[in-house]
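A.B. asks:
Protein chains in written order, with the numbering used here: chain A, 155 to 268; chain X, 912 to 1018.
1) Of all Cβ atoms in chain X, is any one closer than 8 Å to the Cβ of residue 209 of chain A?
2) Once the 5 residues before and after residue 164 of chain A are set aside, which same chain residues still bring their CB inside 6 Å of it?
3) In the DSSP assignment, what residue or residues form a beta bridge with residue 251 of chain A?
4) Classify residue 239 of chain A as helix, strand or coil using the three-state DSSP reduction.
5) For residue 253 of chain A, go through chain X and note every residue whose CB falls closer than 8 Å to its CB, in chain order.
6) Between which two residues does the beta strand (DSSP E) containing residue 937 of chain X stretch?
7) Measuring only the C-alpha atoms, how far is residue 992 of chain X from residue 956 of chain X?
8) Does the segment 917-934 of chain X come close enough to the segment 962-970 of chain X to have 3 or more Cβ pairs within less than 8 Å?
9) Under 8 Å: do the segment 990-1006 of chain X and the segment 935-952 of chain X share three or more Cβ pairs, one atom per stretch?
10) Quick check: is the beta carbon of residue 955 of chain X nearer than 8 Å to any beta carbon in chain A?
11) Helix, strand or coil for residue 993 of chain X per DSSP?
12) For residue 185 of chain A, does the three-state DSSP call read helix, strand or coil?
13) Would you report the Cα separation of residue 172 of chain A and residue 257 of chain A, rounded to the nearest angstrom?
14) Compare the C-beta of residue 185 of chain A against all C-beta atoms of chain D and say whether one is closer than 8 Å.
15) Under the assumption that residue 1004 of chain X contacts residue 248 of chain A (Cβ atoms under 8 Å), give the Cβ distance between them as a whole number of angstroms.
16) For a cutoff of 8 Å on Cβ pairs, would you count residue 161 of chain A as touching chain X?
17) Using only the alpha-carbon positions, how far apart do residue 260 of chain A and residue 963 of chain X sit?
18) Taking the C-alpha atoms as reference points, what is the distance between residue 915 of chain X and residue 229 of chain A?
19) Answer with yes or no whether the minimum CB distance from residue 1005 of chain X to chain A is below 8 Å.
20) To the nearest angstrom, how far is the alpha carbon of residue 930 of chain X from that of residue 985 of chain X?
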């Protein structure tokens, strides 16, 4: 299994540009998440999904949009990029068991908005 | 979501045991306690998870007292490669990552 994959690894955007961060998982997990991590900080939840066709906002959703048309894919869309969106973006997928939820993270996408 | 409090940083030496305590006073009945590890430039990695008492795996042990208002992650005989940020999370899903505890292991 490839696990959770993210593309691109690194991107530079100009202010006002748009882009889509791709995330895919091959573990058939129902839960998927997008986080951002600013330097020296913890992860903040942007959006999450509990299954195909179902998405909901996290702590910091403004400036982002998501869709979940399949179990495997959970793209994150940035419209009108701003310098405040410079960050590392992590996608994760998760499953629940009798012991709780376990999340698996992708390698991250570094985004620089200039 | 239950709020967690853990130390900002801890220093240790190779071969020592590191214990990180996390406070979660308002943990709910359905909540599990999960710990993740994050190395620089990588996504977090699941370490261990538990509900009550003690859980042990090949990497760490997790001690949870009867009242479940705190938990302690124990890393036995740490090495330089255990230098990382450790996150304590409480909940059933949609877990919230705080700032974590930066553990620095020195030779």
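Backbone N, C-alpha and C define an ideal beta-carbon position, used for all residues, glycine too.
It should be emphasised that the depicted structure is a prediction, and the values quoted were computed from it without experimental measurement.
C.D. replies: Here's the rundown:
1) no
2) 264
3) A:254
4) helix
5) 943, 960, 961, 962
6) First-last for residue 937 of chain X: undefined, no H or E at that position.
7) 14 Å
8) no
9) yes
10) yes
11) helix
12) strand
13) 28 Å
14) Of the protein chains in this structure, namely A and X, none is chain D.
15) 7 Å
16) no
17) 29 Å
18) 30 Å
19) yes
20) 4 Å
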